[in-house]
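**Student:** Numbering (the UniProt record's numbering), first residue to last: 1 to 210. Note that the Cβ used here is the ideal one computed from N, Cα and C, for glycine as well.
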Amino acid sequence: MSMIFFASVVRVRDGLPLSASTDFYHTQDFLECRRRLKTLALRLAQYPGRGSAESCDFSIHFSSSGDVACMAICSRQCPAAMAFCFLETLWWEFTASYDTTCIGLASRPYAFLEFDSVIQKMKWHFNYVSSSQMKSSLEKIQEELEFQPPVVLTVEDTDMANGMMNGHIPMHSEPVLDAHMTLNIVLIMKKSGTFYKLGVEASNKNAIRI
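(1) Just reading off the beta strand (DSSP E) that M71 is part of, what are its end residues?
(2) Can you tell me which residues form a DSSP beta bridge with G51?
(3) For M122, which residues of its own chain have a beta-carbon under 8 Å away from its beta-carbon, when the five flanking residues on both sides are left out?
(4) Between E144 and H61, what straight-line distance do the alpha-carbon atoms span, to the nearest angstrom?
(5) Compare the beta carbon distance of residue 251 and C74 with 7 Å and say whether it is the shorter of the two.
(6) Going by the beta-carbon positions, is the gap between S55 and C33 smaller than 7 Å?
(7) Classify L16 as helix, strand or coil using the three-state DSSP reduction.
(8) Cβ atoms of L44 and V12: under 7 Å apart, would you say?
(9) On the three-state DSSP scale, how would you describe F6?
(10) Based on the DSSP output, what are the partners of R11 in its beta bridges?
(11) I need the straight-line Cα distance from E139 to P149, nearest angstrom please.
(12) Cβ of S59 less than 7 Å from any chain B Cβ?
(13) Between which two residues does the alpha helix (DSSP H) harbouring Q133 extend?
(14) CB L37 to CB M82, shorter than 7 Å?
(15) Quick one: what does DSSP say D99 is sitting in, helix, strand or coil?
(16) Near S117, which residues of its chain fall below 7 Å by C-beta distance, leaving aside the five closest residues on each side in sequence?
(17) Considering H125, what are the terminal residues of the alpha helix (DSSP H) in which it resides?
(18) Grouping DSSP H, G and I as helix and E and B as strand, with all else coil, what is A83?
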């Protein structure tokens, strides 16, 4: 059974999509998840490393390093270790195929669409090859996730984030608090000569409203 449905490679600094898989589902829930993934891609610079966001039927996972991030939409049954192992492998393949100059100079979406063939092969491998054949890789990623868990985002709040990026200020915004680890995310917006500041404090074990 397929667990990885969609994958894309984006440029971190501006969220420009560099390549993506072309075979995706057309259900309303999936298309809504795609929209939220696109919104999140625009803000990846605020979330370096690994992160996840869950909706009702799907999970969005992302992994970034340098100016390249890989993102995937997976079923909620997909183990996190498998998703991040896939993303890490995809990142290495992409950065080995294109140098930083080419990536930095890309000016149009999907400038490296031909990389889709590599994404397709990797998706098939992770969807259909037995996990026992990837045991060592999955164990390595699992250890890394236990040592440094990915940041967890609430995918529903991407709508609020998208509204703020377009100049709309939400009526209510409540921070999620945790006693163990505090992350400060400051969003500063300028509208009609006034600055608005929203501080969010949360643990990487809890949801960070975006």
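**Tutor:** If we stick to the structure as given:
(1) Per DSSP, M71 belongs to the beta strand (DSSP E) from V68 to S75.
(2) DSSP lists F62 and V151 as partners of G51.
(3) A7, F86, T89, L90 and E93.
(4) Looking at the two C-alpha atoms, the distance is approximately 15 Å.
(5) Examination of residue 251 is not possible in this model, given that the chain is present from 1 through 210 alone.
(6) If you check the CB distance, S55 and C33 come in under 7 Å.
(7) Coil, per DSSP.
(8) It is a contact, given that the beta carbons lie within the stated cut-off.
(9) Secondary structure at F6: strand, using DSSP grouped into helix, strand and coil.
(10) Beta-bridge pairing links R11 to V68.
(11) Answer to the nearest angstrom: the Cα atoms are 14 Å apart.
(12) The structure shown has no chain B; it contains just one protein chain.
(13) That residue, Q133, is in no alpha helix (DSSP H); it is neither H nor E in DSSP.
(14) Not in contact: L37 and M82 (Cβ atoms no closer than 7 Å).
(15) DSSP places D99 in coil when its eight states are reduced to three.
(16) In its chain, beyond the 5 residues on either side, no residue has a beta carbon closer than 7 Å to the beta carbon of S117.
(17) Taken as a continuous stretch (DSSP letters only), the alpha helix (DSSP H) holding H125 covers D116 to Y128.
(18) Of the three classes helix, strand and coil, the one that applies to A83 here is helix, per DSSP.
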